[in-house]
Amino acid sequence: MWQRRAFLKAAGAGFAAGLLPRQVEALERSDLVFASSVQTAAGSYGAVLLGERGDVIASIDLPDRGHDITISREAGRGVVFARQPGTFAVVFDPQGRAAPVTLTSVEGRHFYGHGVFSPDGRLLYATESDFEAARGVVGIYDATDGYRRIGEFPTFGTGPHEMLLMPDGVTFVVANGGIETHPDFGRTELNLETMDPSVVFIDRRDGRLIGQLRLDAGLHQLSIRHMAIDGRGRVWFGCQYKGAPADKPQLVGYATMDGEIRLIELPPGTLADLRNYVGSVAVSADGVTVAVSSPEGDLLVAIDAEGKRPVLAETLRNGCGLAADGMGFVATSGNGEMIGMAGADRAAQKFDFLFDNHILRVG
Amino acid sequence: MRLLLLVLMMVFAGPALAQTATPSQVLDAAVNKVIRPAVAAFKTRASGLESAMGGLCAAPSEGALAIARQQFGLAAQAYGRIEFLRIGPLMEDNRADRLLFWPDRRGIGLRQVQAIIAEQDSGASEVTLLRQKSVAVQGFGALEYVLFGTDAEGLAAAGAEFRCRYGQAIAANISGIADQVAMGWYRYDGVASHLTRPVPDNADYRTETEALEALVGLVAHGIEGLRDTRINPFVAQGGEPAKPKQALFWRSGLTMAMIAADIEGMEALVAGSGMARAVGPDDAGLDNSIAFEFRNAHRAIGLVTLPVEQAVVDEKQAHALDYLIIVTQSLQTMIGEQLSAALELSVGFSSLDGD
Chain R
1 MWQRRAFLKA AGAGFAAGLL PRQVEALERS DLVFASSVQT AAGSYGAVLL GERGDVIASI
61 DLPDRGHDIT ISREAGRGVV FARQPGTFAV VFDPQGRAAP VTLTSVEGRH FYGHGVFSPD
121 GRLLYATESD FEAARGVVGI YDATDGYRRI GEFPTFGTGP HEMLLMPDGV TFVVANGGIE
181 THPDFGRTEL NLETMDPSVV FIDRRDGRLI GQLRLDAGLH QLSIRHMAID GRGRVWFGCQ
241 YKGAPADKPQ LVGYATMDGE IRLIELPPGT LADLRNYVGS VAVSADGVTV AVSSPEGDLL
301 VAIDAEGKRP VLAETLRNGC GLAADGMGFV ATSGNGEMIG MAGADRAAQK FDFLFDNHIL
361 RVG
Chain X
1 MRLLLLVLMM VFAGPALAQT ATPSQVLDAA VNKVIRPAVA AFKTRASGLE SAMGGLCAAP
61 SEGALAIARQ QFGLAAQAYG RIEFLRIGPL MEDNRADRLL FWPDRRGIGL RQVQAIIAEQ
121 DSGASEVTLL RQKSVAVQGF GALEYVLFGT DAEGLAAAGA EFRCRYGQAI AANISGIADQ
181 VAMGWYRYDG VASHLTRPVP DNADYRTETE ALEALVGLVA HGIEGLRDTR INPFVAQGGE
241 PAKPKQALFW RSGLTMAMIA ADIEGMEALV AGSGMARAVG PDDAGLDNSI AFEFRNAHRA
301 IGLVTLPVEQ AVVDEKQAHA LDYLIIVTQS LQTMIGEQLS AALELSVGFS SLDGD
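If you're matching them up, the sequences are chains R and X in order.
The first sequence begins at 1 in UniProt numbering and counts up by one.
The second sequence begins at 1 in UniProt numbering and counts up by one.
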């Protein structure tokens with residue numbers, strides 16, 4: 001298991017912070033472990049592993065700001081991806097047996113902050129930008145050979161962001177945000193007038209396009225960016241709107257491999273409070289509740305996936321990270337807070353570091 | 001006498017140094033003392049540009065062309081002072097891109113503008129039709145090519161009627177958008193009242209903290225955008241040679257003037273609103289530090305006197321541009337991180353770049 005025992009060994013050379021006796025004690029009480037990129041109080045960047053009570057079990061340093069993390073039990077590794085348009089990814093051993101290894105994006109590509117392992121842990125896939133051609137690609141890395149980059153395939157769109165592996169183990173779903181950037185111009189968005197976001201399903205074995213879904217043409221400035229898969233295999237997504245601020249398009253929807261894509265109707269007040277910005281999406285452990293967050297609106301919303309309606313809204317200043325936690329969710333903020341929501345029995349905690357946008361439930 | 005002066009200075013300097021601002025005062029001053037006058041000035045300059053283009057097309061001459069070019073510079077710089085105000089009316093209807101589509105990474109706009117002129121595309125010489133076209137052919141970038149690009153001298157005489165009418169349509173479009181931006185900022189129950197009187201029912205700014213975050217974020221992001229799109233792309237860096245034709249307005253020689261205008265606009269918002277004076281005693285020096293760094297930016301810009309293609313290979317002026325990059329990084333840190341922290345704001349740690 002990736003839980004107590006594994007992390008009891010996490011004080012190895014790879015981690016900046018070894019386990020102190022009180023942490024060992026905390027870990028012995030922990031059933032769940034979470035991972036997140038953070039910014040430290042001193043302004044540097046890293047990633048942390050947290051026990052379910054919020055105890056810092058271990059941490060690694062990062063050369064710059066990290067974003068999402070993916071972990072494979074089969075590979076025995078986790079990977080922190082640099083925030084876009086970053087050029088590094090750090091592979092680490094959650095059990096602390098090996099020092100972290102930093103990967104560098106190849107020439108002409110940068111990372112978008114998200115990626116996944118293959119089910120057997122032998123391959124790592126990352127969303128990347130072929131920025132000269134303004135097209136997204138999935139970079140393929142051989143986890144059995146020092147994470148050597150062995151190929152890529154297109155995402156059939158621009159600005160890919162989160163990618164997930166569907167429950168069938170062979171299909172990727174990728175959110176093409178539709179926004180063109182280029183490292184020559186920092187984070188400047190270069191094509192807001194002509195954006196073309198989409199959700200694509202891709203066969204991971206050969207990169208073949210299985211299906212590409214777009215929202216109505218009038219919503220071409222609605223950037224689809226983050227996703228989570230519910231118990232019925234529907235891909236829930238959250239959007240960020242790049243059109244006029246006075247517009248209030250719906251921001252949350254789902255797509256299926258059968259070719260359905262639709263936005264659900266959030267009530268006007270909830271929608272207004274999301275401020276045209278969804279920063280993270282998660283599904284509860286039982287697969288029936290979807291949570292979305294807006295750090296712009298300081299809002300967390302839990303949605304009944306069957307009824308397709310919100311069942312709870314909660315305020316968390318600068319809140320963005322979401323992960324399943326027992327019956328509900330754990331949520332983290334850019335102000336260093338961690339709270340439970342929608343059924344998670346968890347006392348609010350404040351850390352001396354700031355959480356990046358995503359938190360991953362590891363075990 | 002000298003002693004008297006010293007005493008007087010101390011009497012007046014004391015309260016001045018201790019002067020602080022409340023969030024409410026900052027928001028009110030930002031809108032009423034800085035933003036509204038700046039958008040009104042842009043409207044006036046854009047109107048002047050439209051008139052000058054009308055005059056040029058009605059009676060082409062060397063003098064009329066010179067006036068049109070001068071008015072282009074004044075209007076562009078007036079826009080430069082407000083272009084970082086990427087909230088409210090500037091963000092509606094693609095107005096920011098319509099006014100200035102930049103960066104144009106693949107030169108799409110340039111090719112389209114050249115095609116319009118070569119083909120005498122009648123759909124571009126009438127403002128209502130022009131608005132239907134790509135944003136890249138209807139703003140300052142396109143008009144710069146019309147007025148300063150290849151064969152632009154022909155505008156001074158008869159025979160360039162189409163090119164002139166196209167330029168006139170662009171100027172009318174710019175002027176129309178400037179009207180809408182100004183009206184948006186003066187409109188009742190618009191962005192100005194939401195910023196100055198945030199209430200929970202507002203869809204945009206519900207609290208003073210959110211409104212302040214928006215203002216501080218405008219400057220932090222504006223500085224970053226200035227560096228990323230207006231300076232970095234054309235200076236020599238990391239072993240790469242300088243690319244002066246990646247500079248905005250290299251044809252008209254307004255590259256540095258536009259950078260200066262951008263800096264002035266943001267500096268005016270910081271100083272005029274007093275946002276860096278709404279801090280606790282521990283951060284009381286921040287306002288001065290930011291002002292000092294803005295002055296450094298102006299000093300660096302002032303050293304770049306040659307056209308950009310010469311400036312980037314002149315040792316002293318290239319060094320000034322490098323220094324300007326450092327200054328913008330420093331300003332971004334001071335405003336986006338230090339000031340933001342001093343005001344207990346969260347200027348986009350999570351949401352800055354849509355991640």
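Just so you know, even glycine gets a beta-carbon here, dropped at the ideal spot from N, CA and C.
As the structure is a prediction and not an experimental result, all values here were calculated from the model.
- Listed along the chain, the chain X residues whose CB falls inside 9 Å of the CB of H182/R are P103, R105.
- L190, L192, E193: these are the residues of the stretch 190-210 of chain R whose beta carbon lies less than 8 Å from some beta carbon of chain X, given in chain order.
- Within chain R, no residue has its beta carbon less than 8 Å from that of A76/X; the closest one is some 19 Å off.
- Positions of the beta strand (DSSP E) runs, each at least 3 residues long and wholly inside the stretch 46-111 of chain X, cannot be given because no such run exists.
- The C-alpha of N288/X is placed about 41 Å away from the C-alpha of G107/X.
- Within chain X, the residues whose beta carbon sits less than 8 Å from that of R317/R are S346, listed in sequence order.
- Residue range 353-361 is occupied by the beta strand (DSSP E) that includes F353/R, with no alpha helix (DSSP H) assigned at that position.
- Residues are counted here when their Cβ sits less than 9 Å from a Cβ of chain X; for the stretch 234-250 of chain R these are Q240, K242, G243, A244, P245, A246, D247, K248, given in chain order.
- Per DSSP, N288/X is one residue of the alpha helix (DSSP H) stretching across 286-303.
- P154/R is bridged by DSSP to V137/R.
- DSSP, reduced to helix, strand and coil, places G113/R within a strand of the structure shown.
- Each of M183/X, S125/X, D228/X was checked against the Cα of A160/X, and the nearest Cα belongs to S125/X.
- By the neighbour-count definition (other C-beta atoms within 10 Å, threshold 16), V311/R is an exposed residue.
- Closest in alpha carbon position to A98/R, among I60/R, Q349/R, F156/R, Q84/R, is I60/R.
- By alpha-carbon distance to G253/X, the top candidate from E213/X, G274/X, R227/X, V308/X is V308/X.
- Interface with chain R (8 Å Cβ-Cβ cutoff): D97/X is included.
- DSSP lists V116/R, I140/R as the bridge partner or partners of Y125/R.
- By the 16-neighbour rule on beta-carbons within 10 angstroms, S122/X is exposed.
- Short of 8 Å from the beta carbon of T305/X, and not among the five residues preceding or following it, lie these beta carbons of its own chain, in chain order: A311, Q317.
- By DSSP's assignment, D130/R forms a beta bridge with R109/R, R135/R.
- A Cβ-Cβ separation of about 7 Å places L360/R in contact with I71/R under the 8 Å criterion.
- Contact annotation for N176/R against chain X: no contact, minimum CB-CB distance about 14 Å [criterion: below 8 Å].
- For V170/R, the secondary structure class from DSSP, reduced to helix, strand or coil, is coil.
- Where R165/X is concerned, the enclosing alpha helix (DSSP H) starts and stops at 161-186.
- Any Cβ of chain X closer than 8 Å to the Cβ of H67/R would place that residue at the interface, and such an atom is present.
- For K350/R, DSSP records a beta bridge to E337/R.
- For H319/X, no pairing in a beta bridge is given by DSSP.
- Just measuring C-alpha positions, the residue of T289/R, A246/R, L32/R, G233/R sitting nearest M166/R is G233/R.
- Cβ proximity to chain X below 9 Å picks out Q39, G43 from the stretch 37-61 of chain R.
- The bridge partners DSSP lists for D61/R are G46/R.
- Among the bridge pairs identified by DSSP, G78/R is matched with I71/R, F92/R.
- Here F88/R is near T104/R, since their CB atoms are less than 8 Å apart.
- Using a C-beta cut-off of 8 Å, the stretch 142-161 of chain R makes contact with the stretch 200-216 of chain R, since at least three inter-stretch Cβ pairs fall below that distance.
- Check the Cα spacing between P119/R and each of E152/R, L219/R, V170/R: the tightest is with V170/R.
- About 16 Å separates the beta carbon of M183/X from that of P245/R, a gap too long to meet the 8 Å contact definition.
- V31/X carries a helical assignment under DSSP once its states are collapsed to helix, strand and coil.
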